[in-house]
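Under my numbering, the first residue of the sequence shown carries the number 13, and numbering increases by one thereafter.
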Amino acid sequence: MSSAAQPYPGEISQPLEILALAEEYRQAATALRGQLRTKQPLSTAPFRLCAIQSIELFLNSFLLQSGMKPREIRALQHDMQRRAELSTNNGLALRKKTADHLETLANNREYLISRYEPAMVNSVSEINRLLATMEEVANKVQKHSDSRASISLISAA
């Protein structure tokens, strides 16, 4: 029986594969938004979790495209503020409101609250703010990826 170590999940994934996975979570969040029930905060948790996961994956894809190693990104855990800072330092132009919201997501530990703390669901970001952050990060990372792909095609010609 072979005891060869398996690569850590995501270790060998390419940036565009992570981008595609981020888009799937974005679509799931969008679909779940339609399932929110008025005055039932717990009904927002699945949307929140998918939206935050989508944002994290879009930023991961950007950081991979910028040359970061998967293990370095994994070491960030779920720190959206640090991901945003690193992404901005590598050329991703986020609006101040979005960067501030990513800091809030990190400081409030909203990823963990969405997963594990039903009593605190009322203390997290507004749905519209989370949606706006997800959409901006998604659009800007996809635009960056498209421009990199265009440059690669031109260079290959």
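Cβ coordinates follow ideal geometry from the N, Cα and C atoms, glycine included.
What you are looking at is a predicted structure, and each value in this text was computed from that prediction instead of being measured.
Taken atom to atom, the span from the alpha-carbon of isoleucine 24 to that of methionine 80 is near 13 Å. Proximity to phenylalanine 59 across Asn101, Ala17 and Ala43 peaks at Ala43, based on C-alpha coordinates. For isoleucine 85, the uninterrupted alpha helix (DSSP H) run begins and ends at 82-86, by DSSP. A contact between stretches requires three or more CB pairs, one per stretch, nearer than 8 Å, and the segment 68-87 meets this requirement with the segment 20-35.
Shown here, tyrosine 20 sits in coil according to DSSP, grouped into three states, outside any helix or strand. As for any alpha helix (DSSP H) of minimum length 4 sitting wholly inside the segment 27-90, the runs are 27-45, 57-77 and 82-86, ordered along the chain. Sequence-distant Cβ neighbours of histidine 113 in its own chain, meaning closer than 7 Å and more than five residues away, are Ser137, Arg141 and Thr145. Excluding sequence positions up to five before and after asparagine 120, its CB lies within less than 8 Å of the CB of Ser135, Val136 and Ser137, all in the same chain and listed in chain order. Here the alpha carbon of alanine 41 sits roughly 23 Å from the alpha carbon of lysine 108. Excluding sequence positions up to five before and after serine 78, its CB lies within less than 6 Å of the CB of Asn102, all in the same chain and listed in chain order. Going by DSSP, leucine 114 is part of the alpha helix (DSSP H) stretching over 108-119. Glutamate 122 sits away from arginine 95, with the two beta carbons spaced by 8 Å or more. Distance from the CA of glutamate 115 to the CA of proline 53, rounded to the nearest whole angstrom, comes to 22 Å. Rounded to the nearest whole angstrom, the CA to CA distance from proline 27 to alanine 131 is 36 Å.
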